[in-house]
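Peer 1: The listed protein sequences correspond, in order, to chains A and B. Using our numbering, read the first sequence as starting at 1 and increasing by one per residue. Using our numbering, read the second sequence as starting at 233 and increasing by one per residue. For glycine and all other residues, C-beta sits at the position ideal for the given N, C-alpha and C. Owing to the predicted nature of the structure, the values given are computational and were not obtained by experimental measurement.
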Amino acid sequence: MKGYELQKDNNPKTTPKRVALIVRGQSARRVEDRGETVPTAPNLLLREIVIIQACIILLAVMALLFDAPLEGIADPRHTPNPAKAAWYFLGLQELLHYFPPVVAGVLLPGLAVLGLAVVPFVRVNWETVGFYEQRWRGRLLWVSLAVALTCGVMALYLAWPVIVPTLVVYGLLVLPAIPAVPERLRARLGRVPLADWIMTWFVAETVFLTLIGILFRGPGWSWIWPWRAGLY
Amino acid sequence: MSMLQRLTESRVWRALVRQGVSATNRNRILLVMDNVFLHLHSAKTRSRNLELSSTYFLGAISLVLFGILTLSGLLLMLYYHPSVPQAYHDMKELQFVVSNGLFLRNIHRWSAHAMVFIVFLHLLRVFYHKAYLPPREFNWVVGVILLLLTLGLSYTGYLLPWDQLAFWAVAVGTNMAEATPLIGPKLRYLLLGGNAVGENALLRFYVLHCALLPLALAMGVAVHLWRVRKDGGVQGSSGRYGSRRQVKP
Ligand code: HEM
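1. Quick check: is any heavy atom of the ligand HEM less than 7 Å from the C-beta of B:Arg341?
2. Can you tell me whether A:Tyr232 is buried or exposed? The criterion is at least 16 other CB atoms within 10 Å of its CB, across all chains shown.
3. Less than 7 Å between the CB of B:Arg368 and some heavy atom of the ligand HEM, yes or no?
4. Provide the residue span of the alpha helix (DSSP H) that contains B:Arg357, from first to last.
5. Which residues in the same chain have their Cβ closer than 6 Å to the Cβ of A:Trp87, if we skip the five residues on either side of it in sequence?
6. Mind checking who A:Trp223 pairs with in its DSSP beta bridge?
7. Tell me which residue opens and which closes the beta strand (DSSP E) that B:Arg278 is part of.
8. Quick one: give me the first and last residue of the beta strand (DSSP E) that B:Pro366 is part of.
9. Any beta carbon of chain A sitting closer than 8 Å to that of B:Pro481?
10. Report the partner residues of A:Val38 according to the DSSP bridge assignment.
11. Where do the ends of the alpha helix (DSSP H) carrying B:Gln237 lie?
12. Starting from the beta carbon of B:Val264, find every residue of chain A whose beta carbon is closer than 7 Å, and list them in chain order.
13. For chain A, find out if any of its Cβ atoms is closer than 8 Å to the Cβ of B:Trp245; answer yes or no.
14. For B:Tyr364, collect the residues of the same chain with a Cβ closer than 7 Å to its Cβ; drop the 5 residues on either side in sequence, then sort them by chain order.
15. Would you please state the rounded distance, in angstroms, between the beta carbons of A:Val162 and A:Met154? I believe it to be under 8 Å.
16. Using CA coordinates, which residue listed in B:Arg238, B:Met235, B:His361, B:Ala450 is at the minimum distance from A:Pro120?
17. If we ignore side chains and look at the alpha-carbon of each, how far apart do B:Val330 and A:Val106 end up?
18. B:Asp463 to B:Pro367, Cα distance in whole Å?
19. Ordered along the chain, which non-local residues of its own chain (more than five positions away) have a Cβ less than 7 Å from that of B:Gln478?
20. Who are the neighbours of A:Pro120 on chain B, taking C-beta pairs under 7 Å?
21. Could I get the ranges of all uninterrupted alpha helix (DSSP H) runs contained in the region 58-124 of chain A, with 4 residues as the minimum, in chain order?
22. Report yes if the C-beta of B:Leu282 is less than 7 Å from at least one heavy atom of the ligand HEM; otherwise report no.
23. Does the Cβ of A:Val113 lie closer than 7 Å to at least one heavy atom of the ligand HEM?
Written as structure tokens, this is what we have:
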């Protein structure tokens, strides 16, 4: 096996190609086309060395230029206002502003993690064809209903930062259905599979909520403009 | 015989550097296969995976950041006591007394932020390239666990300086955990070793941050990279709808 791999050349005329792998007790699998190969050393190794060096240099420069923050010693009797979590949790903290802790701190992050974990096992994620490259009218209806429901529930809680990214991504999704939109844009967006639309929505939510938490929230979690009030 | 030649032909040299760097294909392949670290790689790599747009090297960068964090973290441990209030004073010592102490702390801090960000980008890269499709489903799930471990490491590390920022950020987080139905208060108690963020919490977070979580992450990464190999190597961008469509009639 090893010996075969070693002597393999890439000429399809002289070397037989494996097209399927059949293992007892498993269903037959199509073997991916491996494509052209080159020796890992030095081709990949050199690139990796460059990456290691670039990372070290970049971070060393960062470390020389910017100091890690250090405030006064921890004091349980003196609550800072606002008390902010680490930046990547500020999206959740923003949600905490609208929802009870069970929802913002447990249910929604729990759903997000669960949603990510099951990605490979959910049928929409298997599709590689674009949303508009198959029968889409019925589906668009369902998506619209889901969006309306989400926005409706969020409006009840006045959680407008959740609504904005939802509507923006939904707006892009419906563009190809509108004949007045330029053909090239329609074609480009139409090739995007539903799975990518859902993930893009998730990313838009995460980024939007997190940025609000980082930049636009001040004392008492009130809205501030960072260019006027500074960063909290 | 020149000095260099004598050196490179000595038995000691040959024992250490088995292949040398002579540029034959046989040598290049042995270089990777015979080395315990390099043999994470297969001896050959698909040329299209060398392109930036295949992986943007985001997995590799995550790994490099983890390496920088491990090294700088190890050095920080030499100066750090996980007790109240010594932990905070140790930060001041790092800043004003220890040679390059501030640099050490800075690089650890910024690498930690960068790692959270880059791991998330890596997840997105894998998603949009559809690299989670069979046979890579399991490795995607391993990846999600790695993401959670990365967040856990960052979160537990956040408390260690024992300043106001650390204390209240962790307080916000553990208060959220408390909201978990049924087990919430117990969970919080377990995490903090008490009812409030205090000495016991600092010790627990220290143990999690410096022992349990890094070990778990290292093991997870080992499984992750093993799976990358076993699943037929890096898939790269070939699963993207754009590239697949061209094959269709
Ligand atoms: C500590 C965190 C992580 C490290 C160090 C890491 C490292 C790597 C490396 C080095 C690769 C191969 C090259 C590349 O694709 O860049 C890889 C591939 C992969 N990773 Fe990660 N990873 C991490 C987190 C994740 C996460 C959060 C996910 C997804 C949820 C994930 C899913 C995958 C998958 C499915 C592959 C195979 C991709 C392909 O074949 O194209 N990994 N990882």
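Peer 2: Walking through what the data contain:
1. B:Arg341 Cβ: outside cutoff for every heavy atom of the ligand HEM.
2. By the neighbour-count rule (16 or more Cβ atoms within 10 Å), A:Tyr232 is buried.
3. At least one heavy atom of the ligand HEM is nearer than 7 Å to the Cβ of B:Arg368, so yes.
4. Secondary structure note for B:Arg357: its alpha helix (DSSP H) is the uninterrupted segment 333-360.
5. Taking C-beta separations shorter than 6 Å and ignoring five residues to either side along the sequence, the partners of A:Trp87 in its chain run Ile214, following chain order.
6. Partner residues in the beta bridge of A:Trp223, as assigned by DSSP, are A:Arg217.
7. 276-278 is the span of the beta strand (DSSP E), which, as asked, contains B:Arg278.
8. Judged by DSSP secondary structure, B:Pro366 falls outside any beta strand (DSSP E); it is assigned neither H nor E.
9. Only weak support exists for where B:Pro481 lies, its pLDDT of 31 falling under 50; the coordinates are left without a value.
10. Partner(s): B:Thr277.
11. Note, B:Gln237: alpha helix (DSSP H), 235-241.
12. Those within 7 Å of B:Val264 in chain A are Thr40, Ala41.
13. No - not a single Cβ of chain A is within 8 Å of the one on B:Trp245.
14. If you ignore the 5 residues before and after B:Tyr364, its C-beta comes within less than 7 Å of the C-beta of Val358, Trp372, all in its own chain and listed in chain order.
15. 5 Å between Cβ atoms; contact.
16. Nearest in C-alpha terms to A:Pro120, of all of B:Arg238, B:Met235, B:His361, B:Ala450, is B:His361.
17. The straight-line gap from Cα to Cα measures roughly 41 Å.
18. Answer to the nearest angstrom: the Cα atoms are 6 Å apart.
19. At B:Gln478, the pLDDT of 36 sits below 50, so the modelled position is not reliable and the matter cannot be decided from this model.
20. Within 7 Å Cβ-Cβ: Tyr364, Leu365, Glu369, Trp372.
21. Annotation: the region 58-124 of chain A contains the following complete segments of the alpha helix (DSSP H) (minimum length 4 residues), in chain order: 90-96, 108-117.
22. Because no heavy atom of the ligand HEM lies under 7 Å away, the Cβ of B:Leu282 does not count as near it: no.
23. The answer is no for A:Val113.
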